[in-house]
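K.L.:
Number of protein chains: 2
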Amino acid sequence: MRGPVLGWDVGGANIKAAIVGADRQSAPKVVERPFSLWRDPARLPAVLAEIADGVGGVGPLGAMAVTMTAELADCFATKREGVAFVLDAFRTAFPGVEIRVYGVDGRFRSTDDARQRPLEVAAANWRASATLVARTFPDALFVDVGSTTTDIIPIVGGRIAVEGTTDPARLRSGELVYTGALRTPICAVVRTVPFGGRRCRVAAEHFAVAADVHRWLERIDDNGYVCETPDGRGHSRAESGARIARIICGDLDMLTADDVTSIAEHVARAQVKQIKSGIRQVMRRLGPACPAVAVLAGQGAFIGRPAAEELGLTARDLASAIGSAAARAAPAAAVAYLLAEMDDVPSRAHLTRK
Amino acid sequence: MRGPVLGWDVGGANIKAAIVGADRQSAPKVVERPFSLWRDPARLPAVLAEIADGVGGVGPLGAMAVTMTAELADCFATKREGVAFVLDAFRTAFPGVEIRVYGVDGRFRSTDDARQRPLEVAAANWRASATLVARTFPDALFVDVGSTTTDIIPIVGGRIAVEGTTDPARLRSGELVYTGALRTPICAVVRTVPFGGRRCRVAAEHFAVAADVHRWLERIDDNGYVCETPDGRGHSRAESGARIARIICGDLDMLTADDVTSIAEHVARAQVKQIKSGIRQVMRRLGPACPAVAVLAGQGAFIGRPAAEELGLTARDLASAIGSAAARAAPAAAVAYLLAEMDDVPSRAHLTRK
Chain F
32 MRGPVLGWDV GGANIKAAIV GADRQSAPKV VERPFSLWRD PARLPAVLAE IADGVGGVGP
92 LGAMAVTMTA ELADCFATKR EGVAFVLDAF RTAFPGVEIR VYGVDGRFRS TDDARQRPLE
152 VAAANWRASA TLVARTFPDA LFVDVGSTTT DIIPIVGGRI AVEGTTDPAR LRSGELVYTG
212 ALRTPICAVV RTVPFGGRRC RVAAEHFAVA ADVHRWLERI DDNGYVCETP DGRGHSRAES
272 GARIARIICG DLDMLTADDV TSIAEHVARA QVKQIKSGIR QVMRRLGPAC PAVAVLAGQG
332 AFIGRPAAEE LGLTARDLAS AIGSAAARAA PAAAVAYLLA EMDDVPSRAH LTRK
Chain Y
32 MRGPVLGWDV GGANIKAAIV GADRQSAPKV VERPFSLWRD PARLPAVLAE IADGVGGVGP
92 LGAMAVTMTA ELADCFATKR EGVAFVLDAF RTAFPGVEIR VYGVDGRFRS TDDARQRPLE
152 VAAANWRASA TLVARTFPDA LFVDVGSTTT DIIPIVGGRI AVEGTTDPAR LRSGELVYTG
212 ALRTPICAVV RTVPFGGRRC RVAAEHFAVA ADVHRWLERI DDNGYVCETP DGRGHSRAES
272 GARIARIICG DLDMLTADDV TSIAEHVARA QVKQIKSGIR QVMRRLGPAC PAVAVLAGQG
332 AFIGRPAAEE LGLTARDLAS AIGSAAARAA PAAAVAYLLA EMDDVPSRAH LTRK
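Those protein sequences? They're chains F and Y, same order as listed. In terms of our numbering, the first sequence opens at residue 32 and continues consecutively. In terms of our numbering, the second sequence opens at residue 32 and continues consecutively.
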């Protein structure tokens, strides 16, 4: 007897859920929802319940697999407080449902165990997706460019060969680069942009984000702009352009469309360089053992691809292996698969090949 | 007959007012108030009225002198819309009071004229303070490090010798550097910080601001932290330390006080370098005509001083010339003085020496 498994990746600004059906065969159904946890943490249980309803729920036989980065949100004084809050929200939203929490060691544990050792379950989402990717690509750099951050996870001989497991250690090792396709403030990416044939300093304000840049450059469309806009206005290309103009304290009365394009191209290019710097650092550490293939995932795979290719790596898409929706929500789908296969005793031997 | 003059510097995040009494002799009374205009623009008239009450009002004989940067706030689609909104707020708050608006050309105009040509009154506050400073220091770089931005205004032979007058032109010329003592997000200042003997990337999030750095380093105290905290918690040194730890996705369970200090010192040093880069650019443009004295003002004068001195300039404090409260709120005090002297026909010949 087995039911569906609902995988969760609970971030501070976005929540993703992926359901693996009881048949374990069809592609997972994936739901993404922007939710600014720090603004209204008390709503988390209701938001979780709505998302679960949106994928059909798991029923009495189902289980849930949870990974999170939401503990970093600044409504929590410490990660310990954040982990406990998120687990409480699951208990409130889904009484009676079996909930298993994924850890940086690659194992699931009970919510009680997770609460006891919060650093073992904080920000473990990268490990879930990398574990799944390793089945198909035993030698690869897994480059997952999300809305906010980029994970660069070396997989060598089928094993996850990271230097760091906590967020600070990963930021130091290059395995976590805090840049992404949507939420990243432009002032955190560049100090200057081209304007009028010269370099112009930018305003240190939350005036525009990466989503505006990629919307203006038509790399994402209205539906791809799944985060809040900095000024509360809409997602249209013109509205994104106005936000981009504001980063040099200008407006669309002062800047031409060409001015905005040259700023946007400069910022997009700077994001590629940020990701290259992380990949390069990982490549140097691994030396000759470093894989020659980069497996790309996430909403920002289009930023990760040039970064990988310019460093001589062969780029492959995770989407072609597991479906584009699941690749965009890789950790949520991954924890669902990983928990599902643990439940499936008859097929476990088949699925876990090491 | 003449009354008091109330000078205003209306920013998007802070409003400053300075009153010059009918006697024109005593030091101006200054009020500063943080107000996040973009969050609740409709409250502006009430906030203006409260601030005016706090300095005692201007009475039927008084006048008001206005300069603003609030038009840049992203609740306004364009500067034109922002200027009109701020002027409407003054009309609502102070019916019947004479209101004069200062322009980048150094002249006052009516609110109707200001509305017609908004770019002439947008972000003109630097010119007001520099005009006043030029009386005492006819050859100087005026370096005003505020909560959010730094103005670097060359004064040569008693004249304001800027390259740019609009915000974008000034960001390009080095005359405006978007870094300040309080509101500047740390992720807009540095890409990496030292941690555990190595460089660690920072989170591109609004987790900590310059005020946290200077609070931790005890360059400002609780009362000097006059801006919102990123996480809505308090201004204590420990709370600032927790916010600083979060910029590498850490918390005070993971980082020691020494870790936080080395991060804070690195960020503070990076702010000095940002201001040096602006000063250096202005010095290069002026060449041999460049003054050898820097006159420092603003809440962040302590950041401007090392920047100026390391470039070989002699640092002077505006506070010693006009009083420390007025130096902190330089543009508000300056527009008040400048309008007051225009009203004072008998003494005009004396005060306006050019």
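Note that beta-carbon positions come from the ideal geometry of N, C-alpha and C, so glycine has one too. Given the structure is predicted, the values throughout are model-derived calculations rather than measurements.
Quick check: residue 86/Y and residue 60/Y, are their CB atoms within less than 7 Å of each other?
P.N.:
On the second sequence, residue 86/Y is found 55 positions in, with the first residue counted as 1. On the second sequence, residue 60/Y is found 29 positions in, with the first residue counted as 1. Going by C-beta atoms, residue 86/Y is nearer than 7 Å to residue 60/Y.
K.L.:
Would you mind reading off the limits of the alpha helix (DSSP H) that contains residue 261/Y?
P.N.:
The residue you call residue 261/Y lines up with position 230 of the second sequence. Note, residue 261/Y: premise wrong, no alpha helix (DSSP H); not H, not E.
K.L.:
Can you confirm whether residue 393/F, when its beta carbon is compared against all beta carbons of chain Y, has any partner nearer than 7 Å?
P.N.:
Outside the shown range of chain F (32 to 385) lies residue 393/F, about which nothing can therefore be said.
K.L.:
I'd like to know if residue 65/Y contacts chain F, where contact means its C-beta is closer than 7 Å to some C-beta of that chain.
P.N.:
As a first step, residue 65/Y is located in the second sequence; it is residue number 34 there, counting from the start. Residue 65/Y does not count as touching chain F.
K.L.:
Considering only C-alpha positions, which residue in the set 36/F, 72/F, 140/F, 68/F is nearest to residue 56/F?
P.N.:
The residue given as residue 56/F occupies position 25 in the first sequence. Closest by alpha carbon: 36/F.
K.L.:
Give the secondary structure of residue 372/Y by DSSP, where H, G and I count as helix, E and B as strand, and everything else as coil.
P.N.:
What you label residue 372/Y is simply residue 341 of the second sequence in a count that begins at 1. Here residue 372/Y sits in helix by DSSP.
K.L.:
In angstroms with no decimal places, state the Cα-to-Cα distance between residue 287/F and residue 93/F.
P.N.:
Counting from one through the first sequence, the residue named residue 287/F turns up at place 256. Counting from one through the first sequence, the residue named residue 93/F turns up at place 62. Roughly 55 Å between the two C-alpha positions.
K.L.:
Using a Cβ cut-off of 8 Å, pull out every chain F residue sitting near residue 277/Y, in sequence order please.
P.N.:
The residue you call residue 277/Y lines up with position 246 of the second sequence. Neighbours of residue 277/Y on chain F, chain order: 103, 105.
K.L.:
Cutting at 6 Å between CB atoms, please list the residues of its own chain near residue 283/Y, excluding the five before and the five after it.
P.N.:
Start at 1 with the first residue of the second sequence, and residue 283/Y comes out as number 252. Closer than 6 Å at the Cβ level, and outside the excluded window around residue 283/Y, lie 273, 276.
K.L.:
For residue 40/F and residue 89/Y, I'd like the C-alpha separation in whole angstroms.
P.N.:
Counting from one through the first sequence, the residue named residue 40/F turns up at place 9. Counting from one through the second sequence, the residue named residue 89/Y turns up at place 58. If you take the alpha carbons of residue 40/F and residue 89/Y, they lie about 58 Å apart.
K.L.:
Look at the alpha carbon of residue 104/Y and the alpha carbon of residue 79/F, and state the distance between them as a whole number of angstroms.
P.N.:
Stepping through the second sequence from its first residue, residue 104/Y is reached at position 73. Stepping through the first sequence from its first residue, residue 79/F is reached at position 48. If I take the Cα positions, the gap works out to 34 Å.
K.L.:
Which residue from 53/Y, 242/Y, 155/Y puts its Cα closest to that of residue 362/Y?
P.N.:
Residue 362/Y sits at position 331 when you count from the first residue of the second sequence. The residue with the shortest Cα to Cα distance from residue 362/Y is 155/Y.
K.L.:
Helix, strand or coil for residue 96/Y per DSSP?
P.N.:
Sequence index remark: in the second sequence, residue 96/Y carries index 65 (1-based). Strand at residue 96/Y.
K.L.:
Between residue 311/Y and chain F, is there a C-beta pair that is closer than 7 Å?
P.N.:
Counting from 1 along the second sequence, the entry for residue 311/Y is found at position 280. Residue 311/Y does not count as touching chain F.
K.L.:
Applying a beta-carbon distance threshold of less than 7 Å, which residues of chain F neighbour residue 199/Y?
P.N.:
In the second sequence, residue 199/Y corresponds to position 168, counting from 1. Here the neighbours are 226, 231, 279, 280, 281, 285.
K.L.:
Who are the Cβ neighbours of residue 368/F in its own chain at under 7 Å, not counting the five residues just before and after it?
P.N.:
Residue mapping note: residue 368/F aligns to position 337 of the first sequence, counting from 1. So the qualifying residues of the chain are 51, 163.
K.L.:
So which residues of chain Y does residue 237/F contact, with C-beta pairs closer than 8 Å?
P.N.:
For the purposes of this step, residue 237/F is taken as the residue at position 206 of the first sequence. Under the 8 Å cutoff, chain Y gives 216, 237.
K.L.:
If contacts are defined as beta-carbon pairs under 8 Å, then residue 152/Y and residue 121/Y qualify, I think. What distance do you get, rounded to the angstrom?
P.N.:
Indexing the second sequence from 1 puts residue 152/Y at position 121. Indexing the second sequence from 1 puts residue 121/Y at position 90. Not a contact, Cβ separation roughly 12 Å.
K.L.:
Does any C-beta atom of chain F lie closer than 7 Å to the C-beta of residue 202/Y?
P.N.:
Mapped onto the second sequence, residue 202/Y falls at position 171. Chain F, which has a Cβ nearer than 7 Å to the Cβ of residue 202/Y, makes this yes.
K.L.:
So, at 6 Å on beta carbons, what are the nonlocal neighbours of residue 386/F in its own chain, with the 5 sequence-adjacent residues on each side left out?
P.N.:
The structure shown does not extend to residue 386/F, since chain F is modelled only from 32 through 385, so no value can be given for it.
K.L.:
Say whether chain F places a C-beta atom closer than 7 Å to the C-beta of residue 40/Y.
P.N.:
Within the second sequence, numbered from 1, the residue matching residue 40/Y stands at position 9. Answer no: the Cβ-Cβ gap between residue 40/Y and chain F never drops below 7 Å.
K.L.:
Does the distance from the C-beta atom of residue 313/F to that of residue 186/F stay below 7 Å?
P.N.:
For the purposes of this step, residue 313/F is taken as the residue at position 282 of the first sequence. For the purposes of this step, residue 186/F is taken as the residue at position 155 of the first sequence. It is not a contact, given that the beta carbons lie outside the stated cut-off.
K.L.:
Looking at the unbroken alpha helix (DSSP H) that takes in residue 112/Y, where does it start and where does it end?
P.N.:
Residue mapping note: residue 112/Y aligns to position 81 of the second sequence, counting from 1. Taken as a continuous stretch (DSSP letters only), the alpha helix (DSSP H) holding residue 112/Y covers 110-124.
K.L.:
Is it right to say residue 249/F is buried, meaning 16 or more other beta carbons lie within 10 angstroms of its own, or is it exposed?
P.N.:
Position 218 of the first sequence holds residue 249/F. Looking at its Cβ environment, which holds fewer than 16 other Cβ atoms inside 10 Å, residue 249/F is exposed.
K.L.:
Output needed for residue 188/F: all residues of its chain with C-beta closer than 7 Å, excluding positions within five of it in sequence on either side, in chain order.
P.N.:
Position 157 of the first sequence, counted from the first residue, corresponds to residue 188/F. 169, 170, listed in sequence order.
K.L.:
Are the CB atoms of residue 67/Y and residue 49/Y within a distance shorter than 7 Å?
P.N.:
Within the second sequence, residue 49/Y is the residue found at index 18, counting from 1. Within the second sequence, residue 67/Y is the residue found at index 36, counting from 1. For residue 49/Y and residue 67/Y, no; Cβs fall outside 7 Å.
K.L.:
For a test of the three-state rule: what should DSSP assign to residue 226/F, helix, strand or coil?
P.N.:
Here the question's residue 226/F lines up with position 195 in the first sequence. Three-state result, residue 226/F: strand.
K.L.:
By DSSP, does residue 63/Y sit in helix, in strand, or in coil?
P.N.:
Locating residue 63/Y in the second sequence gives position 32, counting from the first residue. Residue 63/Y: strand per DSSP, three-state reduction.
K.L.:
Secondary structure at residue 166/F, three-state DSSP: helix, strand or coil?
P.N.:
Taking the first sequence and counting its residues from 1, the one referred to as residue 166/F is at position 135. It is helical.
K.L.:
Report yes or no: is there a C-beta of chain F within less than 7 Å of the C-beta of residue 383/Y?
P.N.:
Locating residue 383/Y in the second sequence gives position 352, counting from the first residue. Low per-residue confidence applies at residue 383/Y: pLDDT is 37, beneath 50, and the placement is therefore not dependable, though the value from the model is reported in the following sentence. It does not; no Cβ of chain F falls within 7 Å.
K.L.:
Check whether the region 337-356 of chain F and the region 304-318 of chain F are in contact - that is, three or more C-beta pairs closer than 8 Å.
P.N.:
Verdict: yes, contact present.
K.L.:
Going by beta carbon distance, what residues of the same chain come within less than 6 Å of residue 352/Y, once the five residues before and after it are set aside?
P.N.:
Walking along the second sequence from the start, residue 352/Y turns up at place 321. Hits under 6 Å: 167.
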